[in-house]
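In the UniProt record's numbering, the protein residues as written are 1 to 108.
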């Protein structure tokens, strides 16, 4: 899936992946790929700027941790991020409903 197709939906997708546990960037990429059945395969040049943007906005908090002997920045959802995720899920449902209404074949 092209990164352009995810525009407007990437932030809630990232927040959903870290909703229940803190993850480092590479683990976030793997989780997005796994949860999408391989359809979402983001380049690091897309993911890491999004993580920094979400952190600056207060939706994610990060800290350095050691994972498998390597020092990595781990991201977790903040309370503001939880609210943004709830809002993002609502916006997605509205978007999905509208698009399905337009694209669904009409029955006579």
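Ideal Cβ placement from N, Cα and C applies to all residues, glycine included.
All figures in this text were calculated on a predicted structure; none of them were measured in a lab.
How would you label residue i, buried or exposed, when you count the other beta carbons within 10 angstroms and need 16 or more for buried?
i	result
residue 41	exposed
residue 23	buried
residue 32	buried
residue 15	buried
residue 99	exposed
Using C-beta distances below 8 angstroms, list every residue in its chain close to residue i, excluding the 5 sequence neighbours before and after it, in chain order.
i	result
residue 91	12
What did DSSP end up calling residue i once you bin it into helix, strand or coil?
i	result
residue 85	helix
residue 7	coil
residue 72	strand
residue 107	coil
residue 67	strand
residue 23	strand
residue 62	strand
residue 42	coil
Alpha carbon to alpha carbon, how far is residue i from residue j?
i	j	result
residue 105	residue 95	17 angstroms
residue 52	residue 107	46 angstroms
residue 6	residue 36	12 angstroms
residue 74	residue 8	23 angstroms
residue 64	residue 34	24 angstroms
Looking only at its chain, what residues have a beta carbon closer than 7 angstroms to the beta carbon of residue i, apart from the 5 residues adjacent to it on each side?
i	result
residue 47	25, 28, 29
Please confirm if the segment 81-99 is in contact with the segment 31-45, defined as three or more CB-CB distances below 8 angstroms between the two stretches. Of all C-beta pairs linking the segment 81-99 to the segment 31-45, fewer than three are shorter than 8 angstroms, placing the two stretches out of contact.
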